[in-house]
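S.K.: Residue 34 in UniProt numbering is what sits at position 34 of the sequence shown, and the numbering runs on without skipping anything. Using N, Cα and C, we set each Cβ at its ideal position, and we do this for glycine too. Keep in mind that this is a model prediction, so the values were computed, not measured.
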Amino acid sequence: MRITNTETVPDREIVETLGIARGNTVEARNVGRDITQGIRNVFGGELKAYSDLLTKARDEAISRMEADAEEMGADAVVNVRLETSQITDGGSEVMAYGTAVRLR
């Protein structure tokens, strides 16, 4: 499965557009992380535990988008975009979406 944020796949021709493939996940912080990251926030620097949490969520959303595209019979997903939003206090959604296509 080819995944790209461009409108085309290099050296390949799109022969059919199948629809929007999407995947999402909602991740929540935990109390232990909040305490340690709150201390780090006082002194400055990267909030590594939160960066890791968002990386995991992004990877999961992309994986679910890819699975959705495979169910449609796609060879690739083009124009891939990522969005994030706060769902609850302490919980964020990461969504990946793009156009599922067949290639020649």
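Using a threshold of 7 Å, state whether the C-beta atoms of G45 and A100 are closer than that.
M.R.: Taking 7 Å as the Cβ cut-off, G45 and A100 do not qualify as a contacting pair.
S.K.: Find out if the Cβ-Cβ distance for the pair S25, E70 is shorter than 7 Å.
M.R.: The sequence shown places Thr at residue 25, rather than the Ser named in the question. Not in contact: T25 and E70 (Cβ atoms no closer than 7 Å).
S.K.: Identify the continuous alpha helix (DSSP H) that holds E71 and give its terminal residues.
M.R.: Segment K48 to M72, the alpha helix (DSSP H) holding E71.
S.K.: Under DSSP, the beta strand (DSSP E) around N24 begins and ends at which residues?
M.R.: Here the beta strand (DSSP E) through N24 covers I14 to A28.
S.K.: Apply the 10 Å Cβ neighbour rule to residue 121 and answer buried if 16 or more other Cβ atoms are within range, or exposed otherwise.
M.R.: Residue 121 lies beyond the range of the chain shown here (1 to 104); nothing can be said about it.
S.K.: Give me the Cα-Cα distance between Y97 and R22, rounded to the nearest whole angstrom.
M.R.: Going by the C-alpha atoms only, they are around 4 Å apart.
S.K.: Pull up the distance between the alpha-carbon of E83 and that of G90, whole angstroms please.
M.R.: Their Cα atoms are separated by approximately 17 Å.
S.K.: Would the beta-carbon of V80 fall within 7 Å of that of I3?
M.R.: Yes, Cβ-Cβ distance for V80 and I3 is below 7 Å.
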